[in-house]
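Each step along the sequence shown adds one to the number in the numbering used here, with nothing skipped, and position 60 is 591. Cβ atoms here follow ideal geometry from the backbone N, Cα and C, with glycine treated the same way. These numbers were taken from a predicted model, which means no experiment stands behind them. What follows is a single structure, written as structure tokens, with notes after it.
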Amino acid sequence: MNPIRDSMKNIRATEELKQNTLQYLYEQEKRDCRTRTRLGVVRRLALAAVSILLLVGIGGYSVYRQPVSYISVDVNPSIELSVNRFGRVVSTEAFNNGGRDIAERVPLRNLPYMQAIGRLLEDESCLGFLREDSILVFTVVSDQAEKMIKELNASELLKSHGALTYTSDASCMHEAHQHQMSFGKYRTYLELLKYDGSVTIDDCHSMTMGEMRDKIDACAHEGEWNTGEEKHNHGKGHECND
532 MNPIRDSMKN
542 IRATEELKQN
552 TLQYLYEQEK
562 RDCRTRTRLG
572 VVRRLALAAV
582 SILLLVGIGG
592 YSVYRQPVSY
602 ISVDVNPSIE
612 LSVNRFGRVV
622 STEAFNNGGR
632 DIAERVPLRN
642 LPYMQAIGRL
652 LEDESCLGFL
662 REDSILVFTV
672 VSDQAEKMIK
682 ELNASELLKS
692 HGALTYTSDA
702 SCMHEAHQHQ
712 MSFGKYRTYL
722 ELLKYDGSVT
732 IDDCHSMTMG
742 EMRDKIDACA
752 HEGEWNTGEE
762 KHNHGKGHEC
772 ND
């Protein structure tokens, strides 16, 4: 039984009027049904779009905060910058009191790494360590190390401080962190160990990069002057990249 047609039985009107009225009601019902269907589709599509955006957002944030490169900045303070695939600093880690004071004072997160380095070196808390006899060393661990070293070497600010640049690797970085030392300073320690097997990690913890480089230069010069022979590795440890 059709409830709409049944409701028309007791209405006094011409048959034509009844048919026209029924036709109008049917069309309205169909239109309402199509509208409800379209709204349902729109709602489902909107929900799917929101879900995708949430997943992309969560995944994108995870990619953003994942470091893929590392830069060790060493003078006497030692600070490591963790850099994501977009070239932005996502975290910092300090390895001595001077480094911690600077890291707490100078905000670097989310900055492009060259801008972060510029801000770091231009802050007065870091400038106090950059004296004429200081040696500023940058060490990079990255699959893009060659590109990053090229950018560092092209920086006029780094040139003005006579900065030295080196590369290292993940194994060296892991070993360094086990000794509570930045991987840049640890690479220098291993280089010094080639000339002086008696030097220890504890010795180097209390030395500035300038003191370590001076000792390396003195040992290298003395060895070459006295023997004229090739330098030998008198210590043990992971051979970090240069």
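In chain order, Asp605, Val668, Cys735, Met740, Met743, Arg744 and Ile747 place their CB closer than 8 Å to the CB of Thr719, counting only its own chain and leaving out the 5 sequence neighbours on each side.
Restricted to the region 631-662, the alpha helix (DSSP H) segments that are unbroken, complete and at least 4 residues in length are 644-653 and 655-658, listed in chain order. Using a Cβ-Cβ distance cut-off of 8 Å, the region 595-609 and the region 623-634 are in contact, since at least three pairs of beta carbons, one from each stretch, lie closer than that value. When C-beta atoms of the region 695-710 are compared with those of the region 661-678, three or more pairs fall below 8 Å, so the two segments count as touching.
Residue pairing by DSSP puts Ser613 in a beta bridge opposite Tyr601 and Ser622.
CA-CA distance, Leu683 to Glu753, rounds to 31 Å.
Here Arg619 is not near Leu651, since their CB atoms are 8 Å or more apart. Listed in chain order, the alpha helix (DSSP H) runs fully inside the region 672-751 are 676-685, 687-691, 701-709, 714-726 and 732-736, counting runs of at least 4 residues. Here Cys771 has Ser699, Cys703, Arg718 and Leu721 as same chain residues with Cβ atoms under 6 Å from its own Cβ, once five neighbours each way along the sequence are excluded.
Within its own chain, the residues whose Cβ lies closer than 8 Å to the Cβ of Val594, once the five positions on either side in sequence are excluded, are Asn615 and Arg616, listed in chain order. It is roughly 8 Å from the alpha-carbon of Cys750 to the alpha-carbon of Asp727. Taking every protein chain shown into account, the CB of Ser691 has fewer than 16 other CB atoms within 10 angstroms, so this residue is exposed. In the same chain as Phe660, and ignoring 5 residues on each side of it, the C-beta atoms closer than 7 Å to its own belong to Val606, Asn607, Pro608 and Gly629, in chain order.
In terms of Cβ geometry, Leu639 and Ala647 form a close pair [threshold 8 Å]. In this structure, DSSP gives Val668 an extended state, which the three-state scheme calls strand. The three-state secondary structure of Asn627, taken from DSSP, is coil. Comparing C-alpha distances from Tyr644 to each of Thr623, Arg662 and Arg636 shows the shortest one belongs to Thr623. Taking the C-beta atoms as reference points, Ser603 is found no nearer than 8 Å to Ser686. Taking 8 Å as the upper bound for CB-CB distance, Ile732 and His710 are in contact here, some 5 Å apart.
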